[in-house]
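Heads up: the structure comes next, in structure tokens.
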Amino acid sequence: MTDAQAAPATPQEALDRFHRRREESVVQPRGSLALTQTQQVDAEQTIWGVPGTWAPRADGGSGLTVTATAADGIRVDGELVDGTVIVRGKDDESPSEVVFSDTVSGFVIAQHGGSYALRVWDAQSDAIQEFGSIDSFGFNPEWIVQADFTPNPEGTTLGFEHLKDDGQTREEVIPGSITFTKDGVDYDLAAFKSGRALQIVFADATSGESTYSVGRFLFVAPRPDGTITLDFNQAVLPPCAFSYAFNCPMPPKQNRFTVPIEAGEKNVLAKSGAPLH
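See the structure below:
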């Protein structure tokens with residue numbers, strides 16, 4: 007019977023399956039460990055590790071331009087580049103795909119402030135080769151919390167600082183507040199939209215001690231009746247724990263717990279058992 011077919015018999019078995027799938031996901035060709043470069047392009051320049059000369063679009067449109075010869079072997083949307091072509095960004099209705107080799111690919115993302123950056127992925131990156139496991143806590147029922155979700159007025163935002171933004175904040179829409187009481191302490195957490203889920207960026211007393219220093223993520227979804235379950239056993243490490251090329255949001259003040267949350271993922275480990283980064 008396959009892992010997908012076998013029904014987990016206990017909460018710990020279900021959590022073990024969750025972690026196996028997480029470890030499988032981060033080593034995929036576009037998994038977190040495959041990202042080797044995110045280079046913002048504000049002027050004509052080369053980018054470490056890949057060929058071509060990259061520049062902002064002169065017409066101000068989405069994406070960048072790349073100038074290369076056929077010998078460089080760059081393909082944009084399946085066509086070999088020999089001259090200058092447009093590489094449309096992920097914010098375009100039809101974003102471009104870039105292929106540098108059998109294992110290295112890329113795409114262009116919009117940056118905060120209006121610039122664009124090239125992201126480079128390597129399906130055989132050093133990090134993938136060195137990866138051992140994602141260290142995690144065992145199942146902890148004490149950190150499955152029932153909470154209430156109260157919608158905010160439309161357009162409510164909160165400034166989130168990001169790891170590489172030098173203290174500047176980015177306004178994110180906060181659809182509602184998540185409130186609960188645990189061990190006599192009242193909490194009011196902020197979460198922003200991530201696809202169809204809400205994303206809580208949090209830190210706690212384990213951050214920088216037994217868990218990744220920047221914090222962790224928890225993805226949740228409120229029920230129609232306004233209740234919401236926060237299962238911190240499914241707290242995951244942010245992408246920046248796997249690659250320095252990510253720029254992760256930092257936990258806002260109200261999401262910084264003074265108590266240890268000994269549930270969820272802890273750190274990324276190399277095959278030797280040492281921290282990968």
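Residue numbers (this note's numbering): 7 to 283. Even for Gly, the Cβ is constructed at its ideal location relative to N, Cα and C.
Residue environment analysis places Glu50 among the exposed positions, since fewer than 16 neighbouring C-beta atoms fall within 10 angstroms of its C-beta. Under the DSSP assignment, Ile140 falls in the beta strand (DSSP E) whose first and last residues are Phe137 to Ser142. With fewer than 16 neighbouring CB atoms inside 10 Å of its own CB, Gly190 falls in the exposed class. When the five nearest sequence neighbours on each side are left out, the beta carbons in the same chain lying within less than 8 Å of the beta carbon of Asn253 are those of Thr44, His168, Leu169, Lys170, Asp171 and Cys246, in order along the chain.
Per DSSP, the beta bridge partners of Ser213 are Thr217.
Residue pairing by DSSP places Lys199 opposite Leu204 in a beta bridge. In the assembly as shown, Glu271 is a buried residue. Its beta-carbon has 16 or more other beta-carbons within 10 Å. Annotation: the continuous alpha helix (DSSP H) that includes Arg28 extends over Pro17 to Val32.
DSSP links Asp237 through a beta bridge to Ile150. According to DSSP, residue pairing for Thr73 in a beta bridge involves Thr59 and Thr90. Excluding the 5 residues flanking it on each side, Arg176 has same chain C-beta neighbours closer than 6 Å at His118 and Phe166, in chain order. If you check the CB distance, Gln46 and Ser121 come in under 7 Å. Secondary structure at Ser278: coil, using DSSP grouped into helix, strand and coil.
Beyond the five residues adjoining it in sequence on each side, Ala209 comes within less than 6 Å, by CB distance, of Gly221, Pro257 and Arg262 in the same chain, given in chain order. Cβ neighbours of Gly37 within its own chain (closer than 7 Å, five residues either side excluded): Ser31.
Classified as exposed, Pro157 has fewer than 16 neighbouring CB atoms from the shown chains inside 10 Å of its CB. Below 8 Å, enough C-beta pairs join the stretch 65-74 and the stretch 92-111 to call them touching: three or more.
Where Ile184 is concerned, the enclosing beta strand (DSSP E) starts and stops at Gly182 to Lys188.
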